[in-house]
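Here the structure comes first, spelled out in structure tokens, and everything after it is commentary.
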Amino acid sequence: VVTIDLRSDTLSKPTDAMRKAMAVAEVGDDVYGEDPTVNELQVMAAEVFGKEDALFVPSGTMGNLISVMCHCWQRGCEVLLGEQSHIKRFEQGGIAQIAGVHPKSLRNLRDGTFDLSELRAKYQTSEDVHRAPTSLVSIENPIEGKVISLSFMEELRKVATELGIPVHLDGARIFNAATVLGVSPKEITKFVDTANICLSKGLCAPVGSLIVGTKEFISKARRVRKVLGGGWRQAGILAAAGIISLNVISKQVHLDHENARHFAKGMMDAAPDLVKVDISLVTTNLFMFELNSELPTTNGRTVAQTFISRMNEPSGGARVSVKMCHFGGYKVRAVFYYQIKKSEVIAALGKFKQVMDTWRNEM
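For the sequence shown, the residue numbers in UniProt numbering are 1 to 363.
See the structure below:
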């Protein structure tokens, strides 16, 4: 069976070069700040993202939580963030559950941005004792594969400065955004105070994310990391892979974008009556598509569940199985990464065409 897993770029695997670097990495105790490979990665990250300092942390979820906790040092504060953001939807409400920070949602527009007039309207000072004071605004870029423009990032920075609040960037896939915008990552991060960057999604590292910011902020973040159980010892073995993520894999993400667009166009060519993809929004390695609500289902499954089951079921001469992720309603997500090559994209499209042709005949 040939399995093509498009559920997430977290399924990327370390390259051979990463495994070799990990095997020979020089290590020390990072809680004492004595792991030379971790220190090298952090110095490199600070330079790449144009900030004073950086901290290597176990995951993006922890990176975002640490960042929010450091910005909202006093419990009972509030963060403004997009309703579709990862922090809001997929981090278990940790900023409320653990940090005592209230999340206030802003409606994400079609392009992934939010209305800055809504931000202004929802901003709250500490003067009203009934309300949680706004201490932070957080933005995700890219969000659901959509890249936020530099002009919006700049406008957000201006509004936040006027309101006297810092800006945090969930830049888990920032290299994808930077590639689409044709700029270096620091041209995005210059508009924010802090950022969280994932190394283990499309950048192939097995574990880890980076927080970047001022030296004072990172000193605080190091302390918070420890209480969350994120203080690690000989983490240089993992940092060695992260160095290759920044140096090598980050420069190849445009290939994932090409594969995503090829797949999206192929879907529309094969079944324009059964699937809807906004090709204008397919610019990175990740995109959503919607299935026709009239497609017949069996065994009490929804349309999306039926599609995912049929794509996953090995069939045909090559016995191809394609895995994808249901994203609510009739929405399905496809994500491309380093190990998904052009041949896999072609095979996945063949499987899609087979499934949709069979399904169409049942209508």
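Note that CB positions come from ideal geometry on N, CA and C, so glycine has one too.
No experiment lies behind these values; they were computed from the predicted model shown.
DSSP-derived helix/strand/coil call for residue i
i	result
Arg-7	coil
Ile-165	coil
Arg-233	coil
Glu-40	helix
Lys-190	coil
Asp-30	helix
Ile-148	coil
Glu-140	strand
Val-207	coil
Val-227	helix
Val-2	strand
According to DSSP, residues forming a beta bridge with residue i
i	result
Thr-134	Glu-78
Asn-108	Phe-114
Gly-213	Asp-53
Pro-103	Val-79
Residue range of the beta strand (DSSP E) that includes residue i
i	result
Asn-196	194–198
Ala-334	331–335
Segment limits, alpha helix (DSSP H) that includes residue i
i	result
Phe-352	342–361
Phe-175	174–181
Leu-55	Where Leu-55 is concerned, there is no enclosing alpha helix (DSSP H), although the beta strand (DSSP E) it sits in stretches over 53–57.
Lys-88	86–89
Ser-126	Element bounds for Ser-126: n/a, residue is neither H nor E.
Asn-64	60–71
Ile-95	94–97
Lys-20	16–24
Residue-chain proximity (residue i, chain D), Cβ-Cβ < 8 Å
i	result
Lys-323	Judged by its chain identifiers, the structure shown contains no chain D, having just a single protein chain.
Residue i beta carbon near the ligand NAP (any heavy atom closer than 7 Å)
i	result
Phe-49	No copy of the ligand NAP occurs in the structure displayed, which carries no ligand at all.
Practice task
Taking only runs that begin and end inside the region 248–329, name each unbroken alpha helix (DSSP H) of 4 or more residues, in chain order.
Solution key: List check, alpha helix (DSSP H) in window: 253–270, 303–312.
Handout entry: Segment contact flag, the region 239–248 with the region 190–203, C-beta cutoff 8 Å, min 3 pairs
Key = Because the criterion of three Cβ pairs below 8 Å is met, the region 239–248 and the region 190–203 touch.
Problem - Sufficient close CB pairs (3 or more, under 8 Å) joining the region 140–148 to the region 177–187 - result: Here the region 140–148 lies against the region 177–187, with 3 or more beta-carbon pairs under 8 Å apart.
Practice task
Kindly confirm or deny that the region 115–135 and the region 38–48 touch, where touching means at least three C-beta pairs closer than 8 Å.
Solution key: Cβ pair count under 8 Å is below three, so no.
Handout entry: Contact between the region 330–345 and the region 287–300 (3+ Cβ pairs under 8 Å)
Key = Flag = yes, the region 330–345 and the region 287–300 touch.
Practice task
Determine contact between the region 3–17 and the region 311–327, defined as no fewer than three beta-carbon pairs at a distance below 8 Å.
Solution key: Taking 8 Å as the limit for Cβ pairs, the verdict is that the region 311–327 does touch the region 3–17.
Practice task
Mind the definition here: the region 110–129 touches the region 89–98 only if three or more C-beta pairs lie below 8 Å; say whether that holds.
Solution key: Contact between the region 110–129 and the region 89–98 is absent, because fewer than three Cβ pairs lie under 8 Å.
Problem - At least 3 beta-carbon pairs within less than 8 Å: the region 222–236 vs the region 76–88 - result: As far as the Cβ criterion goes, the region 222–236 does not touch the region 76–88, which means the pair count is below three.
Practice task
Report yes or no: do the region 116–130 and the region 64–82 share at least 3 C-beta pairs separated by less than 8 Å?
Solution key: Segments in contact, yes.
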